[in-house]
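Taking numbering that gives the first Met the number 0 as reference, the numbering of the sequence shown is continuous, increasing by one, and the terminal residue is 87.
Single-structure report; data block below.
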Amino acid sequence: MSFVLSCPNCGAREVTDFGYGGEVVPRPRQRPSFRELNEYNYFRRNRAGLQREWWFHRSGCREWFVAERDTTTNEVRWTALPSEVPAP
Ligand SMILES: [Zn+2]
């Protein structure tokens with residue numbers, strides 16, 4: 000399975016150019032409980048549908064960025080540098 004991702008710095012490239020960094024998960028509060036920390040480290044929603052994800056352009060600019068992708072179709076709605084991610 001292949002699809003195209005658009006790096007905010009380099010433009011459109013095959014997905015094989017990138018490394019997947021997992022779902023975007025909100026960081027816990029400053030002093031999380033063990034349960035909150037466990038959820039942050041290990042629990043994922045694994046959503047069927049639109050999901051925000053971390054991607055790493057390993058064969059290009061080596062920058063991390065966020066993409067919103069439909070996990071059922073691999074359609075990528077948008078990509079953005081972390082500082083430019085729109086509010087959910
Ligand atoms: Zn890049």
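All C-beta atoms in this analysis are idealised placements derived from N, C-alpha and C, irrespective of residue type, glycine included.
Enclosing beta strand (DSSP E) for residue i [first to last residue]
i, result
"LEU4", "3-6"
"LEU49", "49-55"
"PHE64", "63-69"
Contacting residues, own chain, Cβ-Cβ under 6 Å from residue i (five flanking each side not counted)
i, result
"ARG76", "GLU67"
"LEU80", "PRO7, PHE64"
Residue i versus residue j: straight-line alpha-carbon distance, rounded
i, j, result
"ARG48", "THR70", "The sequence given here has Gly at residue 48, not Arg. Using only the alpha carbons, I get a separation of about 5 Å."
"GLN29", "TYR19", "26 Å"
"TYR39", "PRO25", "8 Å"
"TYR45", "VAL23", "Contrary to the premise, residue 45 reads as Asn rather than Tyr in this sequence. ASN45 and VAL23: Cα-Cα distance of roughly 11 Å."
"PHE91", "PHE42", "Residue 91 cannot be examined here, being either before or after the span of the chain that is shown, 0 to 87."
"GLU83", "ALA11", "18 Å"
Spatial neighbours of residue i in its chain, beta-carbon cut-off 7 Å, leaving aside the 5 residues before and after
i, result
"SER58", "ASP16"
"PRO27", "GLU35, LEU36, TYR39"
C-beta atoms of residue i and residue j nearer than 7 Å
i, j, result
"PRO7", "THR72", "no"
"GLY21", "TRP54", "no"
Contacting residues, own chain, Cβ-Cβ under 8 Å from residue i (five flanking each side not counted)
i, result
"SER1", "GLU13, VAL14, THR15"
"CYS9", "HIS56, GLY59, CYS60"
Under 5 Å, CB to nearest heavy atom of ligand 3: contacting residues: Of the ligands one can find in the structure shown, namely ligand 1, none is ligand 3.
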